[in-house]
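Quick note, the sequences are listed as chains A and B, same order. So the first sequence is numbered by the working numbering: it starts at 1 and just counts up by one. So the second sequence is numbered by the working numbering: it starts at 1001 and just counts up by one. Report on the structure given below.
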Amino acid sequence: MTKIQINGREVEADPKQPLIRACHDQGVDVPMYCYHPGLAPVGSCRICQVEVAGAPGQPSRVVAACRTPVSEGMVVSTDTPKAHDTRRECLEFLLKNHPLDCPICDKAGECDLQDYAFNEGQGKGRSSEPRRKLEKRKSLGDVIVLDEERCILCSRCVRFFTDVTKKAQLTVEGLGSHSVINTYMDKPLEGNYQGNLADICPVGALTSKKFRFQARVWNLSKTLSTCGECSRGCSISVESLRAKQVKRIRPRYNAAVNQWWMCDTGRHALAPLTRALAPEGEVLGGRLRTAAVRGYNGLECSDDVAALDLAADMLASHPGTLVIVSPFATQEEAKAALALAQALKATPQFVSPAPNALKDDLLHTGDPCPNRRGLLELGFGALAPADALAALAVAPSAVLAGERVLELLGHAGLALLPKKLRLVAFDVEASDLASLDIAFPVPTHVEKSGHWINVDGRVGVLNVALPPPALVRRLDLQLAALTAKLSAVPQGS
Amino acid sequence: MVVVQRKELTLAERLYLPEVLRGLSLTFRKFFEKPITRQYPEQPLPTDEVTRGQPRLVVKDDGNIACVSCGMCEVACPAYAITIDGGETDRGIEREPKRFEIDMLRCILCGFCEEACPKDAIFMSNELELADFTRAGLVYDLEKLKRPKSALQERIDYVYRLNNRWRSKQ
């Protein structure tokens, strides 16, 4: 560690990190646009300039904190008039061609340029020349749209592809004031990590097509959670509007798992979270609202206590029950399923779909089971969907529990199961199966709290981002209630 | 203790009839004078540019709404009366409201939305009446809020005049 002085305070700094990191670690605010802790520093925006005292008898210098290494005895001031003036001049140049788009811009509210201009900028521009007129809506592939006018040419996006995904796709085209960001040969962007560009862009130049104009960012409630699209379990922030709908999923920094990044598969996995409820009083055609029991006319809505009694009786009178949980089951739910399996003298198992083709070197593991490791550690057996269906075909009764368990087993395969199978399912959506006798609704993984264990054995936390629908109770409580009812019913009666 | 001395009535007053006639004469005189009351629903109160009635959205002369759904009025509203959902449009402005609702039962006519708007899209109109048979009917949507610019011009000019006076003092 190196000893330096920041704003009159003696601090220790890591000599391998640039000066700006030492300042940020000490809670000293230094603005940054082109610098990103996950990317190589280039020092192109010059907004991070700070004053460094010169050698004795020499005047002090203003240096870019992102490109200056920390050296022993350095005396740094970020708050002097000289540092402020230099930064303010840089800001004026950056704003010279930046349109006054904030009311329209999706970045407004989380924009570094807006924040710094608000704190330090002048109320009025001094330039009388018109601003650059460039393309406002340039599509860069399926995920990202570029607004060339808003771009301040920090080149974070260019470096994201060279430094993180290691496949250069963007470049700064043209010279001087004609410079714009573009892909090579105008080809659309490829890969599963394009969405990160919208996050790292310090201004609103690169915005997400899916989120474009969907909400103002200050209206979004952010909940810390974990991504469920693969067994990596990236740390995410689930951002919902008016406690009704998840509008956006963004990565949050986790040094051990995903750093600052996440894949587009996880980022755009909003469809399972925004499914509409089934019409009032109906079981099919959307998310399950209440418990449902098979009557003369198929599945009918029922009171959940009555349905639970019925399920306990049914399982007790059909011994040899299979207990299969979803790979989305949290540790808490898995523990409850374990107790249920013990009460039913069954071997606990979980559905383990085949790895998908999304695996890459960066984050995606290709394994669609977010809690595989946790379930294996609890003693669950992994069961491929085909094997699960084969086992179900000969079983007298079965409990399928967890978010999307029916979907992962395959509706086509489930439809072929014999009618004599007594099937109790806990899932977000019921299915019109001849063998499905009782169904209970469960919350999705943004509507419950719990823990998943990722592929490296790290615990990912789930928090409640949205309130679950009115009559939907936690799966672990429902399973515990069923277990309690089963122990009250004499076995084999 | 206060002792109130009751005035002795004169003979004419005690006779009663002269006083009744005196009172009726005033009543009949007023029949022919200009009335000071107003036939309210038929004759509404006069309004002028200073009247701060219900907020309305400006529809520009080209037929497009001036609002870009930036959400500034939503934030400024102290009564949480405004709800906006934006969306993309093919126009050059890129963004426009897909849903813009003002709950008129919540609105306190403070005019903060008018002040916050960066696009001159919302102004306090001279419309003050508010009645319906349901609460839902008083949550005004985009169609109920839109007004041509000409209908709000008087207020727009007033706000500009006011702002300019404030600016010149700076």
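Where a beta carbon is used, it is the ideal one built from N, C-alpha and C, also for glycine.
In the three-state scheme derived from DSSP, where H, G and I count as helix and E and B as strand, residue 1166(B) is classed as helix.
Comparing alpha-carbon positions, the option among 1007(B), 1078(B), 1138(B) lying closest to residue 1105(B) turns out to be 1138(B). Our two residues, residue 1158(B) and residue 157(A), have alpha carbons roughly 47 Å apart in a direct line.
Secondary structure at residue 1140(B): strand, using DSSP grouped into helix, strand and coil. Annotation: Cβ neighbours of residue 1070(B) in chain A (cutoff 8 Å, chain order): 102, 103, 104, 108, 216. The continuous beta strand (DSSP E) containing residue 1085(B) extends over residues 1082-1088. Listed in chain order, the non-local C-beta contacts of residue 446(A) below 7 Å within the same chain comprise 225, 238, 246, 273, 465, 466, local neighbours out to five positions each way being set aside. For residue 136(A), the neighbours in chain B by C-beta distance under 9 Å run, in chain order, 1092, 1094.
Cβ-Cβ distances below 7 Å link residue 383(A) to 324, 349, 350, 351, 352 in the same chain, with the five nearest sequence neighbours on each side left out; the list follows chain order. Between residue 314(A) and residue 437(A) the beta-carbon gap is near 7 Å, inside 8 Å, which marks them as a contact.
Judged by their CB atoms, residue 485(A) and residue 284(A) are not nearer to each other than the 8 Å cut-off. The DSSP-derived three-state label of residue 317(A) is helix. Between residue 248(A) and the set 212(A), 470(A), 1(A), the nearest pair of CA atoms involves 212(A). Looking at the backbone, the Cα of residue 115(A) and that of residue 1127(B) are separated by about 38 Å.
In the DSSP assignment, residue 154(A) falls outside any alpha helix (DSSP H) and carries neither an H nor an E. For residue 1093(B), the secondary structure class from DSSP, reduced to helix, strand or coil, is coil. In the displayed model, residue 1041(B) falls within coil according to three-state DSSP, outside both helix and strand. At least one CB of chain A lies nearer than 8 Å to the CB of residue 1088(B).
Between residue 397(A) and residue 321(A), the C-beta spacing is below 8 Å. Look at the beta carbons and you see the stretch 53-70 of chain A touching the stretch 9-24 of chain A: at least three pairs across the two are nearer than 8 Å. If you ignore the 5 residues before and after residue 197(A), its C-beta comes within less than 7 Å of the C-beta of 144, 157, 160, 206, all in its own chain and listed in chain order. At a C-beta separation below 7 Å, residue 150(A) has no neighbours in chain B, since its nearest C-beta there lies roughly 11 Å away. Scanning chain B for C-beta atoms nearer than 8 Å to the C-beta of residue 212(A) yields 1088, reported in chain order. Listed in chain order, the non-local C-beta contacts of residue 332(A) below 6 Å within the same chain comprise 450, 476, local neighbours out to five positions each way being set aside. Residue contact with chain A for residue 1044(B): absent (no Cβ-Cβ distance below 8 Å to any residue of chain A).
Under the criterion of beta carbons closer than 8 Å, residue 409(A) and residue 388(A) qualify as touching, at roughly 6 Å.
For residue 1036(B), no beta strand (DSSP E) encloses it, and the DSSP letter there is neither H nor E. Taken in chain order, the whole alpha helix (DSSP H) runs of length 4 or more contained in the stretch 193-246 of chain A are 196-200.
Near chain A, meaning a CB-to-CB distance below 8 Å, the residues of the stretch 1118-1133 of chain B are 1118, 1119. In this model, residue 434(A) and residue 1077(B) are separated by some 54 Å (Cα to Cα). Bounds of the alpha helix (DSSP H) holding residue 267(A) are 264-267. Interface with chain B (8 Å Cβ-Cβ cutoff): residue 254(A) is excluded. Cβ contact annotation for residue 1113(B) (same chain, cutoff 7 Å, sequence separation greater than five): 1055, 1073, 1076, 1077, 1082, 1122, in chain order. Residue 422(A) counts as buried, since no fewer than 16 other beta carbons sit within 10 angstroms of its beta carbon. Contact of residue 219(A) with chain B is assigned, a C-beta pair being separated by under 8 Å.
The stretch 54-84 of chain A contains, as complete beta strand (DSSP E) runs of 3+ residues, the segments 61-64, 75-77 (chain order).
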